[in-house]
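Asks:
In the numbering used here, the protein residues as written are 251 to 537.
This is the structure we're talking about:
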């Protein structure tokens, strides 16, 4: 009689191993070591870990966190990664949302192109990986992730999205892409840039096409996103009659919510997080 070690791996075990490898733990190489201000959220009373989302015959790895033993469906928050992928900071943000009563899920949106954790610098990561990821692919993967949540305990009538840096830009695009979400929060996402085949349009181009209200959270000292650009976005939103709103924290720079980096601004991060949760609740996405 064969022993367990003689038996071939069970398909579920192989899939779980694949997902764990695809997501991994810890911080991306380009941003290690983590700053002393890093926040760690435990998994007590939560159900957390890697999940697989089917997309066109492939399996999209994602990190999911939700309250354990919840009764009924849960409000959903899609969490869109920074350029560094779904590393420890993004996973921690999912746990924070789960502690607040949400099913939070962060799909690894570069999984076809490579592993963002392995690149030693932001510049190399941008040049060799991020530039190969199209907006069309990302929006499709977010659609699939959202559909997955609705068949795994998520409430299709209470769905929101948030994202950070690279993901902040994607939040604006997704709010113009679908009416399946009720609210959105974009953290220091770039509002405009040169167009390309991979990134044909930008948030400033889509200000009058938003299907969900967006809360934009920006830093007044952000060297990569000028206040003139923020003002242009505010003007376009006002002209379109959009309920979307932009908040600027004068003393914060780019990445002010990234507690694992020197850019962290605790006051702005805490206020922005509270305003995001209130924004979701005000638009019907609340536990």
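The C-beta atom is built at its ideal place from N, Cα and C for all residues, glycine as well.
#1: Between the region 342–352 and the region 367–383, can you find at least three pairs of beta-carbon atoms closer than 8 Å?
#2: Roughly how many angstroms lie between the CA atoms of residue 379 and residue 411, to the nearest whole one?
#3: With the cut-off set at 8 Å, would you say residue 311 and residue 358 are in Cβ contact?
#4: Count the other CB atoms, across all protein chains shown, that sit within 10 Å of the CB of residue 473; report buried if there are 16 or more and exposed otherwise.
#5: Rounded to a whole number of angstroms, what is the C-alpha to C-alpha distance between residue 449 and residue 363?
#6: Rounding to the nearest angstrom, what Cα-Cα distance links residue 284 and residue 365 in this structure?
#7: Going by DSSP, what residues sit across from residue 303 in a beta bridge?
#8: Just to confirm my understanding: we take residue 430, look at its own chain, exclude 5 residues before and 5 after, and list those with CB closer than 7 Å. What are they?
#9: Based on the DSSP secondary-structure assignment, which residues constitute the bridge partners of residue 315?
#10: Determine contact between the region 483–497 and the region 453–469, defined as no fewer than three beta-carbon pairs at a distance below 8 Å.
#11: Looking at the structure shown, is residue 530 part of a helix, part of a strand, or coil, going by DSSP?
#12: Just the Cα atoms here: how many angstroms apart are residue 536 and residue 418?
#13: Classify residue 522 as helix, strand or coil using the three-state DSSP reduction.
#14: Alpha carbon to alpha carbon, how far is residue 302 from residue 514?
#15: Please state if the CB of residue 475 and the CB of residue 440 are separated by a distance shorter than 8 Å.
#16: Taking residue 422 and residue 436 to be in contact with their CB atoms under 8 Å, please state how far apart those CB atoms are, rounded to whole angstroms.
#17: Please say whether residue 518 and residue 502 have beta carbons closer to each other than 8 Å?
#18: Sort 400, 354, 353 and 420 by Cα distance to residue 384 and report the nearest one.
#19: Hey, quick one: how far does the alpha helix (DSSP H) through residue 424 stretch, first residue to last?
#20: Distance, Cα to Cα, residue 534 vs residue 353?
#21: How many Å lie between residue 477 and residue 490 at the Cα?
#22: Nearest by alpha-carbon distance to residue 389: which of 328, 455 and 509 is it?
Replies: Straight from the coordinates:
#1: The region 367–383 makes no contact with the region 342–352; the number of CB pairs closer than 8 Å stays below 3.
#2: Using only the alpha carbons, I get a separation of about 24 Å.
#3: One thing to note: residue 311 has its Cβ within 8 Å of the Cβ of residue 358.
#4: Burial call: exposed.
#5: Taking the straight line from one Cα to the other gives about 16 Å.
#6: One Cα belongs to residue 284, the other to residue 365, and the distance between them is close to 19 Å.
#7: In the DSSP output, where bridge partners are listed per residue, residue 303 has 310.
#8: Around residue 430: 396 and 409.
#9: Bridge partners of residue 315: 298 and 354.
#10: The region 483–497 vs the region 453–469: in contact.
#11: It is helical.
#12: Roughly 21 Å between the two C-alpha positions.
#13: In the structure shown, residue 522 falls within a helical segment according to DSSP collapsed to helix, strand and coil.
#14: For residue 302 and residue 514, the gap between their C-alpha atoms comes out near 31 Å.
#15: Going by C-beta atoms, residue 440 is nearer than 8 Å to residue 475.
#16: With 8 Å as the limit, residue 422 and residue 436 qualify as a contact, their Cβ atoms being about 5 Å apart.
#17: Cβ distance < 8 Å, so residue 502 and residue 518 count as in contact.
#18: Measuring from the Cα of residue 384, the nearest candidate turns out to be 420.
#19: Its alpha helix (DSSP H) spans residues 416–427.
#20: Cα-Cα distance, rounded: 15 Å.
#21: Approximately 20 Å, taken between the alpha carbons.
#22: Among 328, 455 and 509, the Cα nearest to that of residue 389 is on 328.
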